[in-house]
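Protein chains: 2
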Amino acid sequence: MSGPTIRDVAARAGVSVATVSRFLSDPDKVARATREKVEAAMSELGWRPNMTARSLVHGRTGLYGVIVPDVANPFFGELATGMSLAASSLGVQLVLLHTDLSEELDVAALHLCRQHRLDAVIYTSGSLGPAHRTAVAQLGRPVVLAATYDPEDTLPGILVDSQVGGKMGARHLLSLGHRRIALVGGPAADPIAAGPRWTGWRLELAAAGCLPPPHWQLEVGWKQQYGYQAAIALLREPIPPTAILCGSDVLALGVLAAAADLGVSVPHDLSVVGFDGLNLASLWRPSLTTLSQPIGDIGREAVRLAVSLTEGHAAPPTRWLTPELVVRGSTSAAVR
Amino acid sequence: MSGPTIRDVAARAGVSVATVSRFLSDPDKVARATREKVEAAMSELGWRPNMTARSLVHGRTGLYGVIVPDVANPFFGELATGMSLAASSLGVQLVLLHTDLSEELDVAALHLCRQHRLDAVIYTSGSLGPAHRTAVAQLGRPVVLAATYDPEDTLPGILVDSQVGGKMGARHLLSLGHRRIALVGGPAADPIAAGPRWTGWRLELAAAGCLPPPHWQLEVGWKQQYGYQAAIALLREPIPPTAILCGSDVLALGVLAAAADLGVSVPHDLSVVGFDGLNLASLWRPSLTTLSQPIGDIGREAVRLAVSLTEGHAAPPTRWLTPELVVRGSTSAAVR
DNA sequence: ATTTGCGATGTAACCGGTTACATCATCATC
DNA sequence: GATGATGATGTAACCGGTTACATCGCAAAT
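Line by line, the protein sequences are chains A and B. Take the position in the first sequence, starting the count at 1, then add 65; the result is the number in my numbering. Take the position in the second sequence, starting the count at 1, then add 65; the result is the number in my numbering.
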């Protein structure tokens, strides 16, 4: 039924199980002749060590948990891609746990990581309430935050400063002469991504004296169709905005599509600014001006950090990156 | 250092380890009073069973391997998304192994799945050579193919028929009156996706007497920029094609971008057909006519099938789906 | 010749659960 | 009162590796 065990290999090689095990962990410790016998037995039986048994002894599995709120969101897709590339080059495996934007499932996922004795956890969900904290404490393994941060700053992480990004986007449009600027963003209650972007936009626009009326500040969800719907409404206004700041590239894509469908020319009649810098977005036409995050790098660095912490290195402070304003074809000077 | 064990819980509850273990697997087998003592001890200590130890006995881990050739490709991103959603609703976890399009790493990934005693493997890479077969045989666990198939038909799977899709795309353009049709596809050596699409295109175009010359049959890689480059070359021809069949939506996006950059109007001067039906593509403008695969469903069904096989059910035959021609804004009747 | 040191190997306990089997108390039955 | 069935619980072996420690052979040192 189940495959050969180390005892089968030992018997076939005419040695003890300890010798076979030693051969695995440190081949130099077994004599050349013995080594060859063991190698032969191993390949004849096609035996590979059972990581489950090994993990039980070592307390290490070589598996890293990745907790993602919404795998269908391209942002997290690219983040996971960066992690996956890093993981395979570092020889560790990722276990994907997705929580469907639910706080309860976040906590459940952390418990699951503990039960499976995953070596470390990379957490990308926004929320970090009391329940999460106890789960993290019980976990007893390193937790790294990717594209999110810990308000109490006890967990290391890497992310971009969304409020700065929001300000940069607003400033870009203001410097192009735009005054009628609408906002389409994610749920403002999200304290990591959407919230600070809203804050950045509002601070900068208020300072310039052109904060838009409430019905031009559309707080929608993250899903792609919401950007489209919001833009349709905005562009049908008697005096529509000349520019729209979007909380993500996906929302911006919806805005671009709405503009195209209504015959509104981008950037001539409408400037659009995204946020995230998705890879695929570089081929959209009109090409999207956006606040680019190094998404893949964030994922990669998160995995590296998790591995480093697992090896006993100390946790560095949270790394705050500044998003980069990538000016492309979707923004231009205001004409009116 | 490491957390409490079942023995700590047993001691605290004043019972034996067997009773605690029984409580976990079948609470009805322990008396009410004992049950309460065990529950109390568990929550006081914050104990959760070690899945590693449990797996060692059961030979089941609750983890499923997903072998993906290229996580950066949005197609596999959407596929993995579908799997992830299904996995979380079925209470199993996915371990992501990516092989960077390398056959060697494919085999290594299969071995890794065996070592970690993953319950089943979902394989999405194209290749299935002799080395893969022995690895699969040694694995001793169910293997499900998603978006690929086994030429020898020993492994169950689910995928769309790419050759039929190729024919459908070609027929669509022919029926619109196009005769100068160029082809931009993936590596023809790929026997699962790219190859059959090439075959379908060529059979249909040859039957209509308008197989394009070799330099209009551009066999490029899957990466997004290749579609752009290929289209730039094609559209600069003295007499350019009036339509382009693309091997994927990502390649088609490059073609759309190239057309936009060269001032070629889609669909008026150029019709473009994609392949895959990526979710995000529904918001591209011009919207893309494409051969849509139910990517998320394929992922979901693959996970369901893997779970079903793990539970001992028999393997059904490979499920071949027919792609759906979704006609949108990137194709129209030929004008010249 | 005896001791010492060292490299190679074997024995057996251990990691943290599960479970077959034994044990024991309780209670209905004859 | 003896018997047996039933339900609750405990004992200990086991899953497949790792590793501390013991053992052994052999060469160098005394």
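Where a beta carbon is used, it is the ideal one built from N, C-alpha and C, also for glycine.
At a cut-off of 8 angstroms between beta-carbon atoms, Asp-171(B) makes no contact with chain A.
Here DSSP, grouped into helix, strand and coil, assigns Ala-271(A) to helix. Around Gly-222(A), no beta-carbon contact reaches into chain B at under 9 angstroms, the shortest distance being about 21 angstroms. Any Cβ of chain B closer than 8 angstroms to the Cβ of Trp-349(A) would place that residue at the interface, and such an atom is present.
Under the 8 angstroms criterion on CB atoms, Met-107(B) is classed as non-interfacial with respect to chain A.
Exclusion of the five residues before and after Ser-149(A) leaves Leu-159 as the residues of its chain whose Cβ lies within less than 7 angstroms of its Cβ.
Here the C-alpha atom of His-237(B) lies approximately 29 angstroms from the C-alpha atom of Pro-216(B). Linking Gly-191(A) to Ala-211(A) through their CA atoms gives a straight-line distance of about 10 angstroms. At the C-beta level, Ala-322(B) and Tyr-129(B) stay beyond 8 angstroms of one another. Between the beta-carbon of Ala-185(A) and that of Thr-307(A) there is about 48 angstroms, and that puts the pair past the 8 angstroms contact cut. Val-392(A) carries a coil assignment under DSSP once its states are collapsed to helix, strand and coil.
For Gly-319(B), at least one C-beta of chain A is nearer than 8 angstroms to its own C-beta.
Under the three-state reduction of DSSP, Arg-384(A) is assigned to strand.
Taking one beta carbon from each stretch, the segment 310-330 of chain A and the segment 240-258 of chain A have 3 or more pairs nearer than 8 angstroms; the two touch. Judged by their CB atoms, His-176(A) and Val-136(A) are not nearer to each other than the 8 angstroms cut-off. The DSSP-derived three-state label of His-333(B) is coil. Contact check between the segment 262-281 of chain A and the segment 87-100 of chain B: fewer than three CB pairs, one atom from each, fall below 8 angstroms, which does not count as touching.
At least 8 angstroms separates the beta-carbon of Arg-125(B) from that of Gln-180(A).
Annotated as proximal: Gly-127(A) and Val-157(A), with beta-carbon spacing under 8 angstroms. Note on Arg-301(B): under 16 other CB atoms within 10 angstroms of its CB, so exposed under the neighbour-count rule. Under the 10 Å beta carbon count, Asp-314(A) is surrounded by 16 or more other beta carbons and is classified as buried. Secondary structure of Val-122(B) (DSSP, three-state): helix. Of all residues in the segment 111-125 of chain A, the ones placed with a Cβ closer than 8 angstroms to any Cβ belonging to chain B are Gly-111, Arg-113, Pro-114, Asn-115, Met-116, Thr-117, Ala-118, Ser-120, Leu-121, Gly-124, in chain order. In this structure the segment 163-172 of chain B does not touch the segment 99-110 of chain B; the number of beta carbon pairs closer than 8 angstroms is below three.
For Pro-139(A), the closest Cβ of chain B is nearer than 8 angstroms. At a C-beta separation below 8 angstroms, Ser-67(B) has these neighbours in chain A: Gly-124, Gly-205. Three or more beta-carbon pairs drawn from the segment 350-366 of chain B and the segment 379-394 of chain B are found closer than 8 angstroms, and the two stretches are therefore classed as touching.
Sequence-distant Cβ neighbours of Leu-204(B) in its own chain, meaning closer than 7 angstroms and more than five residues away, are Leu-175, Cys-178, Arg-179, Val-186. Assignment of Thr-354(B) by DSSP, reduced to helix, strand and coil, places it in the strand class. The shortest CA-to-CA distance from Val-225(A) to any of His-280(A), Leu-299(A), Gly-342(A) is the one to Gly-342(A). Chain-ordered, the chain B residues with CB closer than 7 angstroms to the CB of Ser-149(A) read Val-136, Leu-161, His-163.
Within chain B, no C-beta atom comes nearer than 8 angstroms to that of His-243(A); the closest sits roughly 22 angstroms away. About 4 angstroms separates the beta carbons of Ser-352(B) and Arg-393(B), which is inside the 8 angstroms limit, making them a contact pair. For the segment 290-303 of chain A, the set of positions with a beta-carbon nearer than 9 angstroms to some beta-carbon of chain B reads Gln-290, Gly-292, Tyr-293 in chain order.
Interface with chain B (8 angstroms Cβ-Cβ cutoff): Leu-345(A) is included. Taken through DSSP and simplified to helix, strand or coil, Ile-304(A) comes out as coil.
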